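Peer 1: Numbering (the working numbering), first residue to last: 1 to 242.
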Ligand SMILES: Nc1ncnc2c1ncn2[C@@H]1O[C@H](COP(=O)(O)OP(=O)(O)O)[C@@H](O)[C@H]1O
Ligand SMILES: [Mg+2]
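1. I believe residue 99 touches residue 86 by the beta-carbon criterion, under 8 Å. Please report the beta-carbon distance rounded to the nearest angstrom.
2. What ranges does the alpha helix (DSSP H) occupy inside the stretch 31–72, keeping only unbroken runs of at least 4 residues that lie completely in it?
3. Can you check whether the CB of residue 140 is closer than 9 Å to the CB of residue 171?
4. In terms of residues, what are the limits of the alpha helix (DSSP H) holding residue 150?
5. Taking the alpha helix (DSSP H) that residue 107 falls in, what are its first and last residues?
6. Look at the alpha carbon of residue 111 and the alpha carbon of residue 53, and state the distance between them as a whole number of angstroms.
7. Report yes or no: do three or more beta-carbon pairs, one from the stretch 125–144 and one from the stretch 66–80, lie closer than 8 Å?
8. Closest by CA to residue 173, which one among 196, 136 and 40?
9. Are there 16 or more other CB atoms within 10 angstroms of the CB of residue 109, so buried, or fewer, so exposed?
10. Determine, using beta-carbon pairs with one atom in the stretch 23–41 and one in the stretch 182–195, whether at least three such pairs fall under 8 Å.
11. Can the beta-carbon of residue 158 be found closer than 9 Å to that of residue 167?
12. Hey, how far is the Cα of residue 224 from the Cα of residue 230?
13. Would you say the beta carbon of residue 42 comes nearer than 8 Å to a heavy atom of ligand 2?
14. Starting from the C-beta of residue 217, find all residues in its chain whose C-beta is less than 8 Å away, skip the five residues before and the five after it, and write them out in chain order.
15. Shortest alpha-carbon distance to residue 181 belongs to which of 30, 7 and 211?
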């Protein structure tokens with residue numbers, strides 16, 4: 001079953017075409033990696049699917065329903081949750097309270113929400129951190145909390161935006177294991193990730209964006225062997241070294 005589909009999607013910001021005629025699908029149960037140099041439009045695709053922005057053209061479908069133009073709470077209630085590249089905890093609230101915000105989407109009752117929040121905190125290995133004030137967490141802790149907040153809404157599809165950025169190798173390996181567990185639990189994943197090793201190891205398929213266009217789509221092996229993809233990344237390195 002197709003869970004998420006972009007159909008000919010474009011997004012203009014003023015004179016800038018951030019996304020240009022992008023189409024691809026995510027099947028239920030997959031982990032799909034979304035890669036591309038900085039500014040390629042990866043986060044913008046998440047903004048569009050989660051309802052934070054509307055496409056200038058094209059359509060976005062989720063679980064058989066058209067969702068572009070719907071509000072963020074409606075889309076979240078349908079089962080699509082995202083994390084933010086720049087993490088957004090409720091800084092003055094505890095870890096548990098942050099996760100409860102998501103859990104209350106699914107249950108009106110405090111007890112049920114608490115049970116759900118505790119279970120999610122266990123899944124992201126934050127048991128015992130319940131009472132910690134969110135802004136005092138390390139970066140790795142804040143990244144985990146970002147995932148926990150999204151999981152608490154009981155999504156069918158989870159959009160992960162660079163949850164490994166800035167983490168150590170050990171922390172990255174832990175997050176990779178967590179991503180596998182999340183998929184194992186029946187949640188489909190579309191992930192933006194700069195860590196090539198991680199994205200290639202985790203993904204069933206990879207979609208490559210460059211200047212707002214899809215330049216390649218395939219298995220990690222196919223994408224790794226594509227000369228256009230290599231050039232897009234070499235171009236980024238030249239800019240960075242300049
Ligand atoms: N809200 C916005 N307003 C104006 N321009 C934006 C906005 N969001 C993103 N952009 C621009 O769109 C392009 C794609 O950005 P983004 O989707 O964040 O790329 P990526 O996540 O691949 O690094 C960039 O040129 C960026 O500056
Ligand atoms: Mg981004």
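All C-beta atoms in this analysis are idealised placements derived from N, C-alpha and C, irrespective of residue type, glycine included.
Computed from a predicted structure; not experimentally measured.
Peer 2: Put simply:
1. The Cβ separation is near 19 Å, so there is no contact.
2. Runs found: 42–49.
3. yes
4. 139–151
5. Segment: none, residue 107 is in no alpha helix (DSSP H) and carries neither H nor E.
6. 34 Å
7. no
8. 196
9. exposed
10. yes
11. Their beta carbons are not under 9 Å apart, which means residue 158 does not touch residue 167 by this criterion.
12. 8 Å
13. yes
14. Setting aside the 5 residues that flank it on each side, residue 217 is surrounded in the same chain by 24, 205, 206, 207, 208 and 223, each with a C-beta closer than 8 Å to its C-beta; the list follows chain order.
15. 30
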